[in-house]
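The structure appears right after this line, and notes come after that.
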Amino acid sequence: MFIYASLRPDTVNTVDKALCCAKTAIDKNAERTVILDLTKLSCFTDYFVICSGTSDRQIQAISNSVEETLINKKIFPLAIEGYTDGRWVLLDYGDVVMHIFQDNLRDYYDLETLWTKATKIRVPVEYYRSSISTETLRL
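Quick note on numbering: the numbering used here labels position 3 of the sequence shown as 3, and the sequence is numbered without any gaps.
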């Protein structure tokens, strides 16, 4: 587990942060990317970003890319769990928690069903086209 001591003041729109995580994951060929709005259901976070990778290396690459993208925007994770195994990586940004799963673990834990009352935030179809850069997102 990695813990960062310095955090950026909460000046970033939380849903934009979740969308940036989703876009960055999609750029690394993440599959089944969804965003769950937990603002009315949870006291520990506002959004889950959930996606899948096909191997431990891809999951680690997605994690590295999300972390690097947000660090470049001066947004640091509170904690990172599961990176070494690369089966389920959790990136905790406080108001946004990102879960990057191997398919079998994603299906087993089934967070989408566990949080079935959560509203799904639509990931814009443009994010699946390579012409959109995370630099153009509003962070």
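Quick reminder that beta carbons are idealized off the backbone N, C-alpha and C, glycines included. Values in this document were obtained by computation on a predicted structure and should not be read as measured data.
Exercise for review: Please report how far the alpha carbon of Val97 lies from the alpha carbon of Phe48, in whole angstroms.
Suggested key: One-based indexing of the sequence shown puts residue 97 at position 97. One-based indexing of the sequence shown puts residue 48 at position 48. Spanning the two alpha carbons is a distance of roughly 5 Å.
Exercise for review: Mind listing, in chain order, the continuous alpha helix (DSSP H) runs of no fewer than 4 residues lying wholly within the segment 46-129?
Suggested key: 56-72, 103-109, 111-114
Check your understanding: From Arg106, Tyr127, Val34, Lys73, pick the residue whose C-alpha is nearest to that of Asn13; which is it?
Key -> One-based indexing of the sequence shown puts residue 13 at position 13. Checking every option, the nearest Cα to that of Asn13 belongs to Lys73.
Review point. Given Ala118, which residues of its chain have a CB within under 7 Å of its CB, disregarding the five upstream and five downstream residues?
Key: Within the sequence shown, residue 118 is the residue found at index 118, counting from 1. So the list reads Leu36, Asp37, Leu38, Leu41, once near-sequence residues are dropped.
Exercise for review: Verify whether the separation of the beta carbon atoms of Ser65 and Thr24 is less than 8 Å.
Suggested key: Here the question's residue 65 lines up with position 65 in the sequence shown. Here the question's residue 24 lines up with position 24 in the sequence shown. Yes, these two residues count as a Cβ contact at 8 Å.
**Study point:** Range covered by the alpha helix (DSSP H) that runs through Ser39
**Key:** Within the sequence shown, residue 39 is the residue found at index 39, counting from 1. It should be noted that the sequence gives Thr, not Ser, for residue 39. For Thr39, no alpha helix (DSSP H) segment is defined, and its DSSP state is neither H nor E.
Exercise for review: Enumerate in chain order the residues of its own chain whose CB-to-CB distance from Pro9 is below 7 Å, with the five nearest sequence positions on each side excluded.
Suggested key: By one-based count along the sequence shown, residue 9 stands at place 9. A caution first: Pro9 carries a pLDDT of 47, below 50, which makes its placement in the model too unreliable to give a value.
Review point. Could you give the distance in angstroms between the alpha-carbon of Asp16 and the alpha-carbon of Thr116?
Key: By 1-based counting over the sequence shown, the position of residue 16 is 16. By 1-based counting over the sequence shown, the position of residue 116 is 116. Cα to Cα, Asp16 sits roughly 22 Å from Thr116.
**Study point:** Residue environment, Tyr108, which counts as buried when at least 16 other CB atoms sit within 10 Å
**Key:** Translated into the one-based positions of the sequence shown, residue 108 becomes position 108. Tyr108 is exposed by the Cβ-count criterion.
**Study point:** Ile59 versus Thr113 - alpha carbon distance
**Key:** The residue given as residue 59 occupies position 59 in the sequence shown. The residue given as residue 113 occupies position 113 in the sequence shown. Whole-angstrom Cα-Cα distance: 22 Å.
Check your understanding: The alpha helix (DSSP H) with Ala18 in it runs from where to where?
Key -> Residue mapping note: residue 18 aligns to position 18 of the sequence shown, counting from 1. Segment 14-27, the alpha helix (DSSP H) holding Ala18.
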